[in-house]
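Trainee: Residue numbers (our numbering), protein chains in the order written: chain A, 2 to 354; chain B, 2 to 354.
2 protein chains.
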Amino acid sequence: MAKKDGQLSGVKEIARRANVSIGTVDRVLHNRAGVSPKTRDKIKAIIKELDYQPNLLARRLASKKVIHIATLIPTVSKDTSFWSQPLQGIMRAEAEVQKYNIKVDKYFFDQDDKTSFVNQTKKIFRVKPDGVMLSPDFVDEATAFTNKCSKLDIPFVFIDSDIEGQNSLSYIGPHLYDSGYLAANLVSYILRENESVLLLNISQRMYKHHHLLRKEEGFRAYFIDNSLNKKITKVDIKKSDRHSIEKEIAASLTKNKDIRLIFVTNSRVSLVAQCLKKLKKKLILIGYDFIEENIKALVDGDIDFLICQKPGEQAYKAVMSLYQYIVLNATVDRMQFMPIDIITRENYQFYKN
Amino acid sequence: MAKKDGQLSGVKEIARRANVSIGTVDRVLHNRAGVSPKTRDKIKAIIKELDYQPNLLARRLASKKVIHIATLIPTVSKDTSFWSQPLQGIMRAEAEVQKYNIKVDKYFFDQDDKTSFVNQTKKIFRVKPDGVMLSPDFVDEATAFTNKCSKLDIPFVFIDSDIEGQNSLSYIGPHLYDSGYLAANLVSYILRENESVLLLNISQRMYKHHHLLRKEEGFRAYFIDNSLNKKITKVDIKKSDRHSIEKEIAASLTKNKDIRLIFVTNSRVSLVAQCLKKLKKKLILIGYDFIEENIKALVDGDIDFLICQKPGEQAYKAVMSLYQYIVLNATVDRMQFMPIDIITRENYQFYKN
DNA sequence: GTTTATTTCGTGTACGTACACATAATAAAC
DNA sequence: GTTTATTATGTGTACGTACACGAAATAAAC
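1) Given that S371 of chain A touches chain B, what residues does it touch there, using C-beta distances under 8 Å?
2) What does a CB cutoff of less than 6 Å around A298 of chain B pick up in its chain, not counting 5 residues either side in sequence?
3) Express the C-alpha separation of M321 of chain A and A222 of chain A in angstroms, rounding to a whole number.
4) Suppose you measure from the CA of N257 of chain B to the CA of L201 of chain B; what does that come to, to the nearest Å?
5) Within its chain, find whatever has a CB closer than 6 Å to the CB of D342 of chain B; leave out the 5 residues flanking it on each side and keep chain order.
6) Using a C-beta cutoff of 8 Å, does R61 of chain B count as contacting chain A?
7) Identify each residue in the region 227-250 of chain A for which the Cβ-Cβ distance to at least one residue of chain B is less than 8 Å, and report them in chain order.
8) Straight-line CA distance for L293 of chain A to Y352 of chain A?
9) Does any residue of chain B have a CB that is nearer than 8 Å to the CB of Y101 of chain A?
10) Answer yes or no: do R269 of chain A and S245 of chain A have a C-beta to C-beta separation smaller than 8 Å?
11) Apart from the five residues just before and just after M2 of chain B, which ones in its own chain have a Cβ nearer than 6 Å to its Cβ?
12) Indicate whether the contact test is met: 3 or more Cβ pairs, each with one atom in the region 67-78 of chain B and one in the region 118-137 of chain B, closer than 8 Å.
13) Taking L58 of chain A as the query, report the chain B residues whose CB atoms sit under 7 Å from its CB, ordered along the chain.
14) Looking at the C-beta of Q89 of chain B, does it have a partner C-beta in chain A at a distance below 8 Å?
15) Would I173 of chain B pass as a contact of Q325 of chain B if the rule is Cβ separation under 8 Å?
16) For the region 89-153 of chain B, list the beta strand (DSSP E) runs that are entirely contained and at least 3 residues long, ordered along the chain.
17) Taking the beta strand (DSSP E) that S204 of chain B belongs to, which residues open and close that run?
18) For the region 299-320 of chain B, list every residue whose C-beta sits within 7 Å of some C-beta in chain A, in sequence order.
19) Indicate whether at least one CB of chain B lies closer than 8 Å to the CB of Q86 of chain A.
20) Confirm, please, whether the CB-CB distance from G11 of chain B to Y53 of chain B is below 8 Å.
21) In terms of residue numbering, what span does the alpha helix (DSSP H) encompassing P312 of chain A cover?
22) Check whether the region 218-232 of chain A touches the region 32-46 of chain A, taking contact to mean three or more Cβ pairs, one atom from each stretch, closer than 8 Å.
23) Which residues share a DSSP beta bridge with Y172 of chain B?
24) Quick check on the burial criterion: 16 or more other C-beta atoms within 10 angstroms. Buried or exposed for K311 of chain A?
25) Exposed or buried, R61 of chain B, counting other C-beta atoms within 10 Å across all chains shown (16 or more means buried)?
26) If you compare alpha carbons, which of B:K100, B:A143, B:D106 and B:A94 is closest to T116 of chain B?
27) Can we say the region 173-192 of chain B touches the region 203-218 of chain B, given the rule of at least three CB pairs closer than 8 Å?
28) I believe Q121 of chain B touches F110 of chain B by the beta-carbon criterion, under 8 Å. Please report the beta-carbon distance rounded to the nearest angstrom.
29) Entirely within the region 202-271 of chain A and at least 4 residues each: give me those alpha helix (DSSP H) ranges in chain order.
30) Suppose contacts are defined by Cβ-Cβ distances below 8 Å. Is S169 of chain A in contact with F159 of chain A by that definition?
31) Can you tell me which of the three DSSP states V198 of chain A falls into?
32) Express the C-alpha separation of L187 of chain B and K65 of chain B in angstroms, rounding to a whole number.
33) For the alpha helix (DSSP H) that I296 of chain A lies in, which residues bound it at each end?
34) When you check each C-beta in the region 261-291 of chain B against every C-beta of chain A, which residues fall closer than 8 Å?
35) What beta strand (DSSP E) runs, 3 residues minimum, are completely inside the region 49-83 of chain B?
36) Buried or exposed: P340 of chain A, going by 16 or more other Cβ atoms within 10 Å of its Cβ?
As structure tokens, then:
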């Protein structure tokens, strides 16, 4: 009684009931031409009646068409090596899915050049991939792009930062607000009553400030939620050369003698570490991201804490989610927040990205 | 250039290089007898060299062995209809995976009877399924069982409550502590300075208190974290008949005139609602779980808030995670917390479980 | 009517693996 | 040596679907 005997499975059963061959059934399943309206209707009815669900494993195995997943992330810039980790995550996923006849097409844009982003999205759109993963750095342009994807039923997932309201398959990345909140929590343990914080948003790119702001919000919220009346000096630095940063920091420090801790809202924290060294100031330094420059400063004792959210894992999961959705049509969580990890010089060796 | 011509894929390529047939390769892949040590070694070397990864889709398709996933949850009791939702989730997952030759074997135990739990675990262990999903209500017994599973490399996932330290494939369920924390957050908005809370743990089963306690911890933590000095009267009620509950509540209310809100740490909240009605007391009532009894009380205005964490979804995800792990050996998140939803009479109609 | 074009349908092979069965090689027994 | 048991290896078919190709049925052209 392992299998009910009369019950052929899938296509064959449909074919039997309709008195046609599986070839014909196949044609109506894929809306291909070459079948008379009459039999087409009959078969469609049977498909509906049986609530036929194709065997996706068999389908993928038999299909010779390769599935294309496009990924769009920034190039690894001189500014920060951050994006090398997501790239590795993409490649790890690629290695896993390529045996199922899936190709991962990697596109890159220049974080400083909006046009390059647009150009790449255009290029992607031209090849009409089966799924897209992207870091939506340029919000408006990304929105326009994903809108077009939606119209063609091309699923897309965001990584690293989210655009709400777009019906993305998933967002996989940090919970920006919470990570700021956590940073503040750390700070509250460290600082005494009379000491204050310097908060630095370092970014040449205005559009990035949206993300940094979410972190700042969370950071501030912690103090409000816990009725801690902590002074926060905030400085936006629009240039990322060392000289400019150094000048701004020096200015803030002389103006606010009570600053004993600096919170940098992104991966540029190692630059700040260098500046402090130059200025011969020893302050607590908290920043973001497990990248080479930062690790070095961490080991040297110039950075105290790094907050990190597994960027490699993000990209890996993004590609795998697309694969699972497209090939296995599994349900995918709309929001996949990464854990918020705290890295110090004591535990960095064990961190798996 | 779509496919490199020389490169046969998988087993065939291995067979070619070893000058054997795919049958022989197949035998060493599955450690089956009937192949000489010499060729076995040769083939193993080639497998390693090629870093051969079997095509899991093809494997599942070709394999005639059915995969068994066992699920172990409480029967739907007279006490609460809670477990009917996870059961539906299981059945939904079953419908999805059965076409891949996977059987879901459903086992049930009596929440009031430890022996029944043990008996069912024994029964499951006897058939040696390929994966197990269970609600580990009886901690010690569940631990013993999952230890045995670990030894046989049978993956298992916990739902509804976790046992830490067991190397479960995943825990899928509520974040108990956080849900208590959230409840407290709600409470802090509602209560005035001079008003206090009654916290009720209603459970005949002592072993359940562990879980209730986690919620209570979170609940209390909120007030501490926010330096709110709120009076919390706590009562453990070990019987779940209406009369006992009513007596306890009445006692507490007369002793503490300032109680204006009751927080019930599990689904028994509708019983409390009935008691309050009987006592002709109108208090704010917060409790757990989207079950029929509670919804009714919610609609009638006798319960104000229900905290819910998609129990059906939990079970569904648990089975699907096992499937993905066993069949597709996908990586599965060790912790899959459900969102903490707040249900009121205004939004309950839209709640999807 | 026959021939030809066109539409409609069936058949065969492939995907990569599993497994039952058949065959070949070797060892054991005489 | 031959026969027989044993071990080692190869072959064929199946899983459920996709798709190319060919055959049959029908329609169009004369």
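Glycine included, every Cβ here is placed at the ideal spot set by N, Cα and C.
Mentor: From the atom records:
1) Residue coverage of chain A in this structure runs from 2 to 354, which leaves residue 371 of chain A outside it and unanswerable.
2) S271, A274 and I304, listed in sequence order.
3) Cα-Cα distance, rounded: 34 Å.
4) Here the alpha carbons of L201 of chain B and N257 of chain B stand approximately 14 Å from one another.
5) C309.
6) So yes, R61 of chain B belongs to the interface.
7) Taking 8 Å as the cut-off between beta carbons, the residues of the region 227-250 of chain A near chain B are N227 and S228, in sequence order.
8) Checking the displayed sequence, the identity of residue 293 of chain A turns out to be Glu instead of Leu. If you take the alpha carbons of E293 of chain A and Y352 of chain A, they lie about 13 Å apart.
9) Cβ-Cβ to chain B under 8 Å: yes for Y101 of chain A.
10) Result no, Cβ atoms of R269 of chain A and S245 of chain A do not sit closer than 8 Å.
11) Only weak support exists for where M2 of chain B lies, its pLDDT of 31 falling under 50; the value from the coordinates is given anyway. Excluding sequence neighbours, M2 of chain B sits near nothing in its chain.
12) As far as the Cβ criterion goes, the region 67-78 of chain B touches the region 118-137 of chain B, which means the pair count is three or higher.
13) Contact annotation for L58 of chain A against chain B: L58, R61, L62 and Y101 [CB-CB distance below 7 Å, chain order].
14) For Q89 of chain B, the answer is no, since every Cβ of chain A falls outside 8 Å of its Cβ.
15) Result no, Cβ atoms of I173 of chain B and Q325 of chain B do not sit closer than 8 Å.
16) Restricting attention to beta strand (DSSP E) runs no shorter than 3 residues, the region 89-153 of chain B encloses them at 103-110 and 132-135, ordered along the chain.
17) Counting along the chain, no beta strand (DSSP E) covers S204 of chain B, and no H or E run does either.
18) Listed in chain order, the positions of the region 299-320 of chain B with a beta carbon within less than 7 Å of a beta carbon of chain A would be empty, since no residue qualifies.
19) By the rule that beta-carbons nearer than 8 Å mark a contact, Q86 of chain A does not touch chain B.
20) It is a contact, given that the beta carbons lie within the stated cut-off.
21) Segment P312 to L329, the alpha helix (DSSP H) holding P312 of chain A.
22) No, they do not touch.
23) DSSP, once it has assigned bridges, lists B:F159 and B:M336 as partnering Y172 of chain B.
24) Counting other Cβ atoms within 10 Å of its Cβ, K311 of chain A reaches 16 or more and is therefore classed as buried.
25) Under this definition R61 of chain B is a buried residue.
26) Minimum Cα distance to T116 of chain B is reached at B:A143.
27) With a cut-off of 8 Å, the region 203-218 of chain B and the region 173-192 of chain B count as touching, because enough Cβ pairs lie within range.
28) That belief holds up - the Cβ atoms of Q121 of chain B and F110 of chain B are roughly 5 Å apart, short of 8 Å.
29) Listed in chain order, the complete alpha helix (DSSP H) runs (minimum 4 residues) inside the region 202-271 of chain A are 210-226 and 243-256.
30) In this structure, F159 of chain A lies closer than 8 Å to S169 of chain A by Cβ.
31) Note: V198 of chain A maps to strand in three-state DSSP.
32) A direct Cα-to-Cα measurement between K65 of chain B and L187 of chain B gives close to 53 Å.
33) E293 to V300 is the span of the alpha helix (DSSP H), which, as asked, contains I296 of chain A.
34) Contacts with chain A (Cβ-Cβ distance below 8 Å) from the region 261-291 of chain B involve no residue at all.
35) Segments of the beta strand (DSSP E) lying fully in the region 49-83 of chain B: 68-75.
36) Classification of P340 of chain A: exposed, given that the 10 Å Cβ count is below 16.
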